[in-house]
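Chemist:
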Amino acid sequence: AQSVSQHNHHVILSEAASLELGCNYSYGGTVNLFWYVQYPGQHLQLLLKYFSGDPLVKGIKGFEAEFIKSKFSFNLRKPSVQWSDTAEYFCAVNPGWGKLQFGAGTQVVVTP
Amino acid sequence: DTGVSQDPRHKITKRGQNVTFRCDPISEHNRLYWYRQTLGQGPEFLTYFQNEAQLEKSRLLSDRFSAERPKGSFSTLEIQRTEQGDSAMYLCASSWGQGSLASYNEQFFGPGTRLTVL
Numbered sequence: 012a013q014s015v016s017q018h019n020h021h022v023i024l025s026e027a028a029s030l031e032l033g034c035n036y037s038y039g040g041t042v043n044l045f046w047y048v049q050y051p052g053q054h055l056q057l058l059l060k061y062f063s064g065d066p067l068v069k070g071i072k073g074f075e076a077e078f079i080k081s082k083f084s085f086n087l088r089k090p091s092v093q094w095s096d097t098a099e100y101f102c103a104v105n106p107g108w109g110k111l112q113f114g115a116g117t118q119v120v121v122t123p
Numbered sequence: 157d158t159g160v161s162q163d164p165r166h167k168i169t170k171r172g173q174n175v176t177f178r179c180d181p182i183s184e185h186n187r188l189y190w191y192r193q194t195l196g197q198g199p200e201f202l203t204y205f206q207n208e209a210q211l212e213k214s215r216l217l218s219d220r221f222s223a224e225r226p227k228g229s230f231s232t233l234e235i236q237r238t239e240q241g242d243s244a245m246y247l248c249a250s251s252w253g254q255g256s257l258a259s260y261n262e263q264f265f266g267p268g269t270r271l272t273v274l
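Going down the list, the protein sequences come from chains R and G. Number 33 in my numbering belongs to position 22 of the first sequence; there are no gaps in the numbering. Number 191 in my numbering belongs to position 35 of the second sequence; there are no gaps in the numbering.
#1: How big is the Cα-Cα spacing for proline 164(G) and cysteine 248(G)?
#2: Please work out which residues of its chain come closer than 6 Å, Cβ to Cβ, to leucine 55(R), disregarding the five sequence neighbours upstream and downstream, and give them in chain order.
#3: Work out the CA separation of serine 251(G) and asparagine 261(G) for me, nearest whole Å.
#4: In whole angstroms, give me the CA-to-CA distance for valine 22(R) and proline 226(G).
#5: Report buried or exposed for isoleucine 79(R), applying the criterion of at least 16 other Cβ atoms within 10 angstroms of its Cβ.
#6: Check whether the Cβ atoms of serine 214(G) and threonine 203(G) sit closer than 8 Å, and answer yes or no.
#7: Which value, in whole angstroms, describes the spacing of the CA atoms of glutamate 224(G) and glycine 107(R)?
#8: Determine the chain R residues that contact phenylalanine 201(G) at a beta-carbon separation under 9 Å, and present them in chain order.
#9: Give the straight-line distance between the Cα atoms of threonine 97(R) and valine 119(R), rounded to the nearest whole angstrom.
#10: Check whether chain A comes within 8 Å of tyrosine 246(G), counting only Cβ atoms and requiring the distance to be less than that.
#11: Determine the chain R residues that contact glutamine 210(G) at a beta-carbon separation under 7 Å, and present them in chain order.
#12: Let me make sure I understand the geometry here. Which of Ser161(G), Thr176(G), Gly198(G), Lys167(G) has the alpha-carbon closest to that of threonine 232(G)?
#13: Buried or exposed for leucine 123(G), going by 16 or more other Cβ atoms inside 10 Å?
#14: Quick check on glycine 228(G) - is its C-beta less than 8 Å from some C-beta in chain R?
#15: Determine the DSSP secondary structure at lysine 110(R), reduced to helix, strand or coil.
#16: Quick one: what does DSSP say aspartate 180(G) is sitting in, helix, strand or coil?
#17: Buried or exposed, going by whether 16 or more other CB atoms sit within 10 Å of the CB of aspartate 242(G)?
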């Protein structure tokens, strides 16, 4: 079955630590890839997206993600997190025609 | 605020009752999506519209669920004969796009309607 997997459900780290969240998908063919974030009490919002070209994409707030086609992965990274990065992060795949399939999400808590 | 809005934000109902939710998308967006999110899971696709046409429905959407977008603007999602398993956050999103080009346009999400079925 087609799926999106996020490796960690909860991550706790200290400010200034580096963050990497894994995402793997099981679709064949061309897909468009997204990372969304939900800060406490706020709507889901887009962090970054990939659909073609440079497999290293940069998003808002210092986040970046790397698409590795051979590994069906789209991992999210940030070199140095801040307390304000505490949020839930969702990887999503759009296999075409518009609908998104989301992973289960990773709750990230950044401690001061 | 010109983002996606949803009403109501919270709904508590008794099992067997009907409920209706409304979504107002960003005005220039032609696509409107409904998703459902339960605790500990990511949003799951339910259905989407391009203008007033409903283009796809998930198998998650039983015949107790119906969605409309009568004039290609706002949309309603109705659940008939609610069950406790319907308790979830119902999210609406909108975007702009045509055909396969729509697949990489950002979807803008609303705040959701939290449904609790007692």
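Just so it is clear, CB atoms sit at the ideal spot from N, CA and C, and this is done for glycine as well.
Modeler: Working from what's here:
#1: 12 Å
#2: Tyr47, Gln49
#3: 7 Å
#4: 43 Å
#5: exposed
#6: yes
#7: 22 Å
#8: Lys110, Leu111, Gln112, Phe113
#9: 5 Å
#10: This model lacks chain A altogether; the protein chains it does include are R and G.
#11: Ordered by position in chain R, no residue passes the 7 Å Cβ test against glutamine 210(G), which lies about 12 Å from the chain.
#12: Thr176(G)
#13: Because chain G spans 157 through 274 in this model, residue 123(G) falls outside it and cannot be assessed.
#14: no
#15: coil
#16: strand
#17: buried
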